[in-house]
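Enquirer:
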Amino acid sequence: MDTSFNIDAPLIIAHRGANVDAPENTLIAIELAAQQGATWIEVDLHLTADRRIIVIHDETLNRTTNGKGRVLDQSLAQLQQLDAGSWFANEFVGEQLPTLEQLIKLLDQFKLNVNLEIKADAGMEGETSEVTAKILQQHWPVNKSLPLISSFSTLALESMQHSAPHLPRGLLLEKWETNSAALATKLDCVTVNLSRHYVDAGSIDSIKALNKKIMIYTVNEPTQARELFNMGVDAIFTDCPGYMISAMQE
Ligand code: G3P
Ligand code: MG
Numbered sequence: 374m375d376t377s378f379n380i381d382a383p384l385i386i387a388h389r390g391a392n393v394d395a396p397e398n399t400l401i402a403i404e405l406a407a408q409q410g411a412t413w414i415e416v417d418l419h420l421t422a423d424r425r426i427i428v429i430h431d432e433t434l435n436r437t438t439n440g441k442g443r444v445l446d447q448s449l450a451q452l453q454q455l456d457a458g459s460w461f462a463n464e465f466v467g468e469q470l471p472t473l474e475q476l477i478k479l480l481d482q483f484k485l486n487v488n489l490e491i492k493a494d495a496g497m498e499g500e501t502s503e504v505t506a507k508i509l510q511q512h513w514p515v516n517k518s519l520p521l522i523s524s525f526s527t528l529a530l531e532s533m534q535h536s537a538p539h540l541p542r543g544l545l546l547e548k549w550e551t552n553s554a555a556l557a558t559k560l561d562c563v564t565v566n567l568s569r570h571y572v573d574a575g576s577i578d579s580i581k582a583l584n585k586k587i588m589i590y591t592v593n594e595p596t597q598a599r600e601l602f603n604m605g606v607d608a609i610f611t612d613c614p615g616y617m618i619s620a621m622q623e
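Heads up: the sequence shown at position 112 corresponds to 485 in this note's numbering, and the numbers run straight through without jumps.
Structure (structure tokens):
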């Protein structure tokens, strides 16, 4: 398998879209990120009761929609009735939770690269990855750069490795620990994505020694972004892509 994975470092990835200016993980937030100059976005995926994939961060609907309860307990049709914008600001009333299929269309339209983060409820890791892989197989445009699939869940990444081995994988961790190198190698990940709270020169060196890219979440301060890039970090996830992109050009 060709495990080469290229990004133009230093790369700024819009975390959940331009989520400081628009409701996170919605199509409008992604479109806005593109308008602000982002070339990469990150979004979070969840499985629905009828085994479809929807873009939302939390396991429950409570924080970012006008619904309540678990995403996994509702069908796509029910989820599409919900408002995913009004919690953020009145001007976003009517924004829906995007399906993975709708997301793919928008990414294609705006020529955006994507990091799809699989957020699997306990026990649903395998199925969430399998359904995601199937939708990508059916809908991902032939000539488009492949999505980077990441997860905190080892089970979800293992399932992806099995269902869609050609898709590049990212090992999502809070902290680089003694067993992390073995895990990243076993899962054949092309990136390691760490929290800004724990990254240090030692972890960056270890990841680089494995010939994997290193991405850091979530960085909203240009001073910190500069420092990380100078230390050899390849990409950062930020909530404010427009601000960060112009700051990095100064
Ligand atoms: O993928 C980086 C980052 O999105 C991981 O944390 O909670 O924002 O999904 P979270
Ligand atoms: Mg995420």
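Note that beta-carbon positions come from the ideal geometry of N, C-alpha and C, so glycine has one too. Just so you know, these numbers come straight off a predicted model, no measurement behind them.
1. Rounded to whole angstroms, what is the Cα-Cα separation between residue 434 and residue 498?
2. Could you pull out every residue in the same chain whose Cβ sits closer than 6 Å to the Cβ of residue 627, ignoring the five residues on either side in sequence?
3. Which residues in the same chain have their Cβ closer than 7 Å to the Cβ of residue 405, if we skip the five residues on either side of it in sequence?
4. Pull up the CB-CB distance for residue 537 and residue 506, whole angstroms please, since I reckon it's below 8 Å.
5. Whole alpha helix (DSSP H) runs in the region 589-616 with 4 or more residues, listed along the chain?
6. Residue 542: buried (16+ other C-beta within 10 angstroms of its C-beta) or exposed?
7. Let me know the secondary structure DSSP gives residue 567 once reduced to three states.
8. What residues does ligand 2 have around it, judged by CB closer than 6 Å to any heavy atom, in chain order?
9. With three or more C-beta pairs closer than 8 Å as the rule, is the region 489-496 touching the region 521-528?
10. For residue 481 and residue 473, I'd like the C-alpha separation in whole angstroms.
11. Among 446, 610, 438, 598, which has the Cα closest to the Cα of residue 622?
12. Report the three-state DSSP secondary structure of residue 403 (helix, strand or coil).
13. Skipping 5 residues on each side, what residues in its chain have a beta carbon closer than 6 Å to that of residue 586?
14. Count Cβ pairs between the region 455-464 and the region 413-422 that sit closer than 8 Å; are there 3 or more?
15. Cα separation between residue 576 and residue 603?
16. Suppose you measure from the CA of residue 421 to the CA of residue 609; what does that come to, to the nearest Å?
17. For a quick check, are the C-beta atoms of residue 502 and residue 532 less than 8 Å apart?
Expert: So, to answer that:
1. 19 Å
2. The first residue shown for the chain is 374 and the last is 623, placing residue 627 beyond what the model contains.
3. 390, 391, 394, 395
4. 4 Å
5. 595-604
6. buried
7. strand
8. 415, 417, 490
9. yes
10. 12 Å
11. 598
12. helix
13. 564, 607
14. no
15. 14 Å
16. 29 Å
17. yes
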